[in-house]
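Asks: I'd like to ask some things about the structure below.
Number of protein chains: 2
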Amino acid sequence: MRQIKQGSAEKLLRAAIDLISERGYHGVTTQEIASSAELSEKTLFRHFGSKQNLLETALERFQYAEEMRVLFDEQIVWELEIDLLAISKKYHAIMNRDRKLIMIALKDEVHIPGFKERRLQHPRQLLTFLTDYFIAMSEKGKIACPNPIMQAFTFMMAQYGAFMNDLEAGTNYSGISLDEFIQENVKIFVRSLTLPATPCEKELQTR
Amino acid sequence: MRQIKQGSAEKLLRAAIDLISERGYHGVTTQEIASSAELSEKTLFRHFGSKQNLLETALERFQYAEEMRVLFDEQIVWELEIDLLAISKKYHAIMNRDRKLIMIALKDEVHIPGFKERRLQHPRQLLTFLTDYFIAMSEKGKIACPNPIMQAFTFMMAQYGAFMNDLEAGTNYSGISLDEFIQENVKIFVRSLTLPATPCEKELQTR
DNA sequence: CATTAATGTCAGTCACCACTGACAGACACT
DNA sequence: AGTGTCTGTCAGTGGTGACTGACATTAATG
Chain A
-3 MRQIKQGSAE
7 KLLRAAIDLI
17 SERGYHGVTT
27 QEIASSAELS
37 EKTLFRHFGS
47 KQNLLETALE
57 RFQYAEEMRV
67 LFDEQIVWEL
77 EIDLLAISKK
87 YHAIMNRDRK
97 LIMIALKDEV
107 HIPGFKERRL
117 QHPRQLLTFL
127 TDYFIAMSEK
137 GKIACPNPIM
147 QAFTFMMAQY
157 GAFMNDLEAG
167 TNYSGISLDE
177 FIQENVKIFV
187 RSLTLPATPC
197 EKELQTR
Chain B
-3 MRQIKQGSAE
7 KLLRAAIDLI
17 SERGYHGVTT
27 QEIASSAELS
37 EKTLFRHFGS
47 KQNLLETALE
57 RFQYAEEMRV
67 LFDEQIVWEL
77 EIDLLAISKK
87 YHAIMNRDRK
97 LIMIALKDEV
107 HIPGFKERRL
117 QHPRQLLTFL
127 TDYFIAMSEK
137 GKIACPNPIM
147 QAFTFMMAQY
157 GAFMNDLEAG
167 TNYSGISLDE
177 FIQENVKIFV
187 RSLTLPATPC
197 EKELQTR
């Protein structure tokens, strides 16, 4: 009967994620979580001991740095537009998969030791990957005039903003889709980074 | 004694915003709010009748479209870099001023009729202003090759992402400040939009 | 059949919390 | 001095919600 037990725990975790991401930790009762999982409240406590532990277990699923590393190791073709598109799409795919966990982390009502730190480490890693990519591209002579960290950061912030906007506002801006944004944003970076040998004295001045 | 009454209501509102933005609506008790405002719980209920009404009153302070309209009407000098910088700085100034209200809205635990709609309308207006600005700049021949709505949207998303990142992660990325981001992002858009008469066939193809 | 593991039911505990009523003190204005 | 306004204290009420213990049920397993 091990499978059935795991099935129950799984159902409870999913129900918890669904409900807490919508209404917040304190906005949902253990009773609701249990019956949403079609189990009794008692079973919830037998599995997880406490509401907080249920949440902690659920949150352990959030991680994406590793997947990003694989992307940078295996899918890069050293063609700016193609690579930036692939990176953007992967980023949004992962973020959308975990969007409920991200909502919970954002509401952040319960203090879970070490969780915030673990969470913030993923985008930091992505920044490193992207910066290294820009540096390498620069060394290959394929892009120009880099302040690679800041450009990587700026690229990430745009992705993050679009994701967050989609997360909370959905289709607030009529007729603009996430996909269109990705296309346009990549184009802007491509145009900005592949200057046809135009010098960049202006940048050198300001820093 | 009107002043004293207003002083108390104000203190309660501020305390409510502070606490709820940190711990969420259900994570804070009326008792805590009252004593954080150095007033009795009774006074809280005498002023606002209910906890929910206290929150609703607090949230009425969020608005920025009007301030943005003034900026676009009065501060624009039709010089891309200068204008984008001014717009960015104004945006972050407003958002930072209201960051606690934005946190509350994000946690979004309590359903307040019409609030979400009212909230989403501000960025939509900003998008309109910025799009019109790009169109005008294009007509003046100062920027090139516009898909103005998407470019305005992309610019906004970058700002939003940087703000949200700052809001929840603070100084997660060592040594990168919001101000540096603003500078870099504006530069990227300037470079991308002011192509020195390079044709844009590539864009025309893809759409 | 006996055992074991997972679950359910039921009844209940204990703490917390939004909210109230009755009463009283402080202060201003007339 | 009297009146009105704002505030505080105190002692509640009613509801809810996390969590528990005792006992029964179901089904798989040896």
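Heads up: the protein sequence lines correspond to chains A and B, in order.
Position one of the first sequence corresponds to residue -3 (the working numbering), numbered consecutively onward.
Position one of the second sequence corresponds to residue -3 (the working numbering), numbered consecutively onward.
All residues carry an ideal CB built from backbone N, CA and C; glycine is no exception.
What would DSSP say about K138 (chain B), mapped onto helix, strand or coil?
Replies: Coil at K138 (chain B), not helix or strand.
Asks: Can you give me the start and stop residues for the alpha helix (DSSP H) that S170 (chain A) sits inside?
Replies: Element bounds for S170 (chain A): n/a, residue is neither H nor E.
Asks: Hey, could you find the ends of the alpha helix (DSSP H) P109 (chain A) is sitting in?
Replies: Premise fails: P109 (chain A) is in no alpha helix (DSSP H) and is neither H nor E.
Asks: Indicate whether A154 (chain B) and N181 (chain B) have their beta-carbon atoms separated by less than 8 Å.
Replies: Going by C-beta atoms, A154 (chain B) is nearer than 8 Å to N181 (chain B).
Asks: What does a CB cutoff of less than 7 Å around S4 (chain B) pick up in its chain, not counting 5 residues either side in sequence?
Replies: Correct list, in chain order: L35, T39, H43.
Asks: Within the 8 Å Cβ cut-off, does R187 (chain B) reach chain A?
Replies: It does: the Cβ of R187 (chain B) has a partner Cβ on chain A nearer than 8 Å.
Asks: Can you give the Cα-Cα distance for A165 (chain B) and L116 (chain A), rounded to whole angstroms?
Replies: Their Cα atoms are separated by approximately 7 Å.
Asks: Grouping DSSP H, G and I as helix and E and B as strand, with all else coil, what is D104 (chain B)?
Replies: The answer is coil: DSSP assigns D104 (chain B) none of H, G, I, E or B.
Asks: With N143 (chain A) as the anchor, note down where its alpha helix (DSSP H) starts and where it stops.
Replies: Unbroken run through N143 (chain A): none, as it is neither H nor E.
Asks: Does the segment 130 to 138 of chain B come close enough to the segment 71 to 80 of chain B to have 3 or more Cβ pairs within less than 8 Å?
Replies: Yes, the segment 130 to 138 of chain B is in contact with the segment 71 to 80 of chain B.
Asks: With DSSP run on the structure shown, which of helix, strand or coil describes I72 (chain B)?
Replies: The answer is coil: DSSP assigns I72 (chain B) none of H, G, I, E or B.
Asks: Around the Cβ of K47 (chain B), are there at least 16 other Cβ atoms within 10 angstroms (buried) or fewer (exposed)?
Replies: That one is buried.
Asks: According to the Cβ coordinates, are M160 (chain A) and G157 (chain B) closer than 8 Å?
Replies: The answer is yes: Cβ separation under 8 Å.
Asks: How many angstroms separate the CA atom of A280 (chain B) from the CA atom of P119 (chain B)?
Replies: This structure does not reach residue 280 (chain B), given that chain B is present from -3 up to 203, and the question cannot be answered.
Asks: Using a Cβ-Cβ cut-off of 7 Å (strictly less than) and excluding sequence neighbours within five positions of E105 (chain B), which residues of its own chain qualify?
Replies: For E105 (chain B), where only same-chain residues beyond five positions count, the Cβ hits under 7 Å are G20, Y21, H22.
Asks: Below 8 Å on C-beta distance, what does L102 (chain B) contact in chain A?
Replies: Near L102 (chain B) (Cβ distances below 8 Å), the residues of chain A are L102, K103, E164.
Asks: Can you find the residues in the same chain that come closer than 8 Å, C-beta to C-beta, to E28 (chain A), ignoring five residues on each side of it along the sequence?
Replies: Correct list, in chain order: L15.
Asks: Going along chain A, which residues have a C-beta under 7 Å from L116 (chain B)?
Replies: By Cβ distance, chain A contributes A165, N168.
Asks: Excluding the 5 residues preceding and the 5 following F185 (chain A) in the sequence, name in chain order all residues of the same chain whose CB lies nearer than 7 Å to its CB.
Replies: Taken in chain order, the residues that qualify are L80, F151.
Asks: Which word fits R93 (chain B), buried or exposed, when buried means at least 16 other C-beta atoms lie within 10 angstroms of its C-beta?
Replies: R93 (chain B) should be labelled exposed.
Asks: Considering only the alpha carbon of each residue, which of B:A54, B:M91, B:L123 lies closest to F111 (chain B)?
Replies: Out of B:A54, B:M91, B:L123, B:A54 has the C-alpha closest to the C-alpha of F111 (chain B).
Asks: Assuming A30 (chain B) is part of the alpha helix (DSSP H), what are its boundary residues?
Replies: From DSSP, the alpha helix (DSSP H) with A30 (chain B) extends over 26 to 32.
Asks: Quick one: measure Cβ to Cβ for Y87 (chain B) and L123 (chain A), integer angstroms, because I've assumed they're closer than 8 Å.
Replies: Going by Cβ atoms, the distance from Y87 (chain B) to L123 (chain A) rounds to 23 Å, so no, they are not a contact pair.
Asks: Between the Cα of G137 (chain B) and those of B:L97, B:K103, B:L189, spot the shortest distance and give me the residue it belongs to.
Replies: G137 (chain B) has its Cα closest to that of B:L189, out of B:L97, B:K103, B:L189.
Asks: Does T25 (chain A) pass the burial test, meaning 16 or more other C-beta atoms within 10 Å, or should it be called exposed?
Replies: The residue is exposed, with fewer than 16 neighbouring Cβ atoms inside 10 Å.
Asks: What are the start and end residues of the alpha helix (DSSP H) that includes F58 (chain A)?
Replies: Careful: F58 (chain A) lies outside any alpha helix (DSSP H) and carries neither H nor E.
Asks: Report buried or exposed for A89 (chain A), applying the criterion of at least 16 other Cβ atoms within 10 angstroms of its Cβ.
Replies: With fewer than 16 Cβ atoms within 10 Å of its Cβ, A89 (chain A) is classed as exposed.
Asks: Can you find a CB in chain A that lies within less than 8 Å of the CB of R65 (chain B)?
Replies: Output row for R65 (chain B): interface = no.
Asks: Can you pull the chain A residues whose beta carbon is under 8 Å from the beta carbon of Y87 (chain B), in chain order?
Replies: Neighbours of Y87 (chain B) on chain A: none; closest Cβ ~12 Å, over 8 Å.
Asks: Residue range of the alpha helix (DSSP H) that T39 (chain A) falls in?
Replies: It spans 37 to 44 - the alpha helix (DSSP H) in which T39 (chain A) sits, taken as one unbroken run.
Asks: Measuring CB to CB, does I98 (chain B) end up less than 8 Å from E52 (chain B)?
Replies: Cβ distance not < 8 Å, so I98 (chain B) and E52 (chain B) don't count as in contact.
Asks: Which same chain residues, not among the five before or five after S17 (chain A), have their C-beta less than 6 Å away from its C-beta?
Replies: Hits under 6 Å: K96, M99, I100.
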